[in-house]
Amino acid sequence: MAKKKKTSTEQVIRSTEPQGINLDHRKKKQILENIVHGIFLLLGLIAVGCVLLITVYLFISGIPAIHKIGIVDFLFGREWASTAADPKYGILPFILTSIYGTAGAVILGVPIGFMTSVYLSKIASPRVKSVMQSAVSLLAGIPSVVYGLVGMLVLVPGIRKVFNVPDGAGLLAAIIVLAIMILPSIIKMSVTALDAVPKEYEDASLALGATPIETYFRVSVPAAKSGIAAAVVLGVGRAIGEAMAVMMVAGNVPNMPDSLFQSVRFLTTTVASEMAYSSGLQRQALFSVALVLFMFIMLINATLNFFLKRDGNK
Amino acid sequence: MKKNVFLTMVVVLSVTMFVGCGNKKSSRFVSTDGSTSMEKVIGILGEVFQNDTGISFTYNPTGSGSGIKAVQEGRCDIGLSSRKLKKDEMESGLKGTVLAYDGIVIIVNPANPVSDLSLENVAKIYTGKITNWSEAGGNNGDIILIGREAGSGTRDGFESITNTKDACKYRQELTSTGDVITMVSQNPNAIGYASLAAVKDSVKALTVDGVAATEETIKNGSYVVQRPFILVTKTDTPLSEAAQNFFAYITSPDANALISKSGVVPAN
């Protein structure tokens, strides 16, 4: 009995010898795995950390001025004179300008972008499609300062001559520049959504006697509507956050936007143009403007997520 | 396990953070305080001075009035003022040394027949009392006022010289001198202002009260759209050695190239 037991333990010992090396090896692999895992986690946390840091910072530096000025006076004040002897910090003109400017860009840009994406996805021959798509990508890659420069040299004098107004810089010029800038995001995302519509849907529609155009607008577009809506929201986000190009063509005077040719200032350009020399309450108020802008962007992102999630759940 | 990795990283990161510190031993320093308009010129001079001598340099942009007060109260070595010292300030034991002159050129489109304006008319145009070029000796056309953003030194200079502070009815507020020049060159009815060094051929520089803006007319004071950049010191207390070195350096001809680079006319 005892002898037998001994041999069995011997056997166990013998058999564990190679297994021990194996275990050691596996343990090392596990450590390596953990290290790599940790590095990836850390890299991922950088992005999250940045967002958190910016959010917290914006709130901390944006709230005091709102508190001092009073939230109603700040959000609904119609006059901004930050460096005057008797400073006024009302940002209603900027909020309205940002909303009008973005809405105008969407009204101009979305029909063009939408039609272009239907054409690219469904009608265009592969060669035309590839040429046009690379042109759209290029449009997305042009730096915004270049848009601003072209706007300043071509668009602003153009508007002055066409509409016979004293000066072309203003809301309309900004809207046109923004409309062009949001085209690539709208087109690219809509094309992806339309391309993803199963071919069978369209085949079925065609087999029932619908013409191709009927099929695209009655079948493909409704099937891709979440993606297209997301594309529009993405465009809105791009338009409301743009600063550089707008600053060069909008005139930047803090007027209420009551005409298309009015010289206006956006939320973004207020921060961009005054931050460099600002001090005291003016600087704090600029952080508050940035906070308001940030709220808008968060709202837009939430809307975007809503559309994308709905698309994903389908 | 994960904890160990994390700890190692924290240690590595914190060590790298402190590498590079500790080699800047500066017991001596120069502090300046005052005009925000002088930020550019004093910034360039201070940076070069700091790099050459190792004496650290600070600049506190508070405004001319606060700068003068800071010298009086001994809170800084050199005060910076973009206006002349008042009589009572001089009598209280302060001395002003002109570092440079800030000359601002009034520019219009080359197509505009107007080539001279009085200082009074410049002010009237910018405050909206004159709105058509025909009232200022030009063709019929609405005057388009182009200026700089709130807080800009050039805007501050222009408005304080023409006495139009907070009263200008701008049509466009642009964030750089280059943008102002481009806009004026694009619109035949536009008027703008820019520092002397930046003016290009694409726009026409106006004479003011018959005097063209050049380094010479700005220096001798006959061109009126200009203001001095002044270094304010105390007459009774001598400067510290470091501040004295800095003062001597920036008022010497060696600094002229740097002063010109920042867009103003050196005084010495």
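Chain order of the listed sequences is A and B.
FYI, the numbering for the first sequence is 0 to 313, going by numbering that gives the first Met the number 0.
FYI, the numbering for the second sequence is 0 to 267, going by numbering that gives the first Met the number 0.
Just so it is clear, CB atoms sit at the ideal spot from N, CA and C, and this is done for glycine as well.
Given the structure is predicted, the values throughout are model-derived calculations rather than measurements.
Cα atoms of B/G73 and A/M255: separation of roughly 46 angstroms, rounded to the nearest angstrom.
B/V223 is the residue among B/N244, B/S133, B/A247 and B/V223 whose C-alpha sits nearest the C-alpha of B/T161. With respect to the 8 angstroms criterion, A/A244 and A/A271 are not classified as neighbours on the basis of their beta carbons.
The beta carbons of B/D32 and B/S81 sit no closer together than 8 angstroms.
Annotation note: the stretch 102–159 of chain B contains the following uninterrupted beta strand (DSSP E) runs of length 3 or greater, listed N- to C-terminal: 143–147. Inclusion of B/I129 and B/N120 in the CB contact set at 8 angstroms is warranted, their separation being smaller than that value. Beta-carbon to beta-carbon, B/G152 and B/K68 are separated by about 20 angstroms, too far to satisfy the 8 angstroms threshold. When C-beta atoms of the stretch 123–130 of chain A are compared with those of the stretch 214–233 of chain A, fewer than three pairs fall below 8 angstroms, so the two segments do not count as touching.
Nearest C-alpha to A/A203 among A/L193, A/D194, A/R217 and A/T191: A/R217. Collapsing the DSSP output to three states places B/K203 in a strand.
B/S221 carries a coil assignment under DSSP once its states are collapsed to helix, strand and coil. Counting along the chain, B/I77 sits inside the beta strand (DSSP E) bounded by residues I77 to S80. Under a criterion of Cβ atoms nearer than 8 angstroms, the residues of chain B adjacent to A/L152 are, in order, T181 and Q185. Cα atoms of A/L138 and A/P183: separation of roughly 6 angstroms, rounded to the nearest angstrom. At a cut-off of 8 angstroms between beta carbons, A/D166 contacts chain B. Around the beta-carbon of A/I70, fewer than 16 other beta-carbon atoms lie within 10 Å, marking it exposed. Per DSSP, the unbroken beta strand (DSSP E) holding B/N59 starts and ends at S55 to P60. Between A/V291 and A/L266 a beta carbon distance of about 6 angstroms is seen, short of the 8 angstroms cut, so the two are scored as contacting. Contact annotation: in the stretch 70–104 of chain A, residues whose CB is within less than 8 angstroms of a CB in chain B are A80, S81, T82, A83 and A84.
Within chain A, N251 have C-beta atoms less than 7 angstroms from the C-beta of B/L173, given in sequence order.
Counting only Cβ-Cβ distances below 9 angstroms, B/A110 has no contacts in chain A at all, with the closest Cβ about 12 angstroms away.
In the DSSP assignment, B/A99 forms a beta bridge with B/F228 and B/P265.
At a cut-off of 8 angstroms between beta carbons, B/R170 contacts chain A. In the three-state DSSP reduction, A/G250 falls in the strand class (E or B).
Between A/L177 and A/A238, the C-beta spacing is below 8 angstroms. For A/V288, the closest of A/T214, A/I68 and A/A206 by C-alpha to C-alpha distance is A/I68. Here A/A80 carries a strand assignment [DSSP, helix/strand/coil]. At least one C-beta of chain B is nearer than 8 angstroms to the C-beta of A/S277. Not one beta carbon of chain A lies nearer than 8 angstroms to the beta carbon of B/A193. One thing to note: A/I174 has its Cβ within 8 angstroms of the Cβ of A/L107. Listed along chain A, the residues sitting closer than 8 angstroms to B/I143 by beta-carbon distance are P165 and D166. Of all residues in the stretch 232–248 of chain A, the ones placed with a Cβ closer than 7 angstroms to any Cβ belonging to chain B are M246 and M247, in chain order. With respect to chain A, the C-beta atom of B/G53 has no partner C-beta closer than 8 angstroms.
Nearest to A/A64 by alpha-carbon distance, out of A/T115, A/Y88 and A/V47, is A/Y88.
Taking the C-beta atoms as reference points, B/R147 is found nearer than 8 angstroms to B/L173. At least one beta carbon of chain B lies nearer than 8 angstroms to the beta carbon of A/R159.
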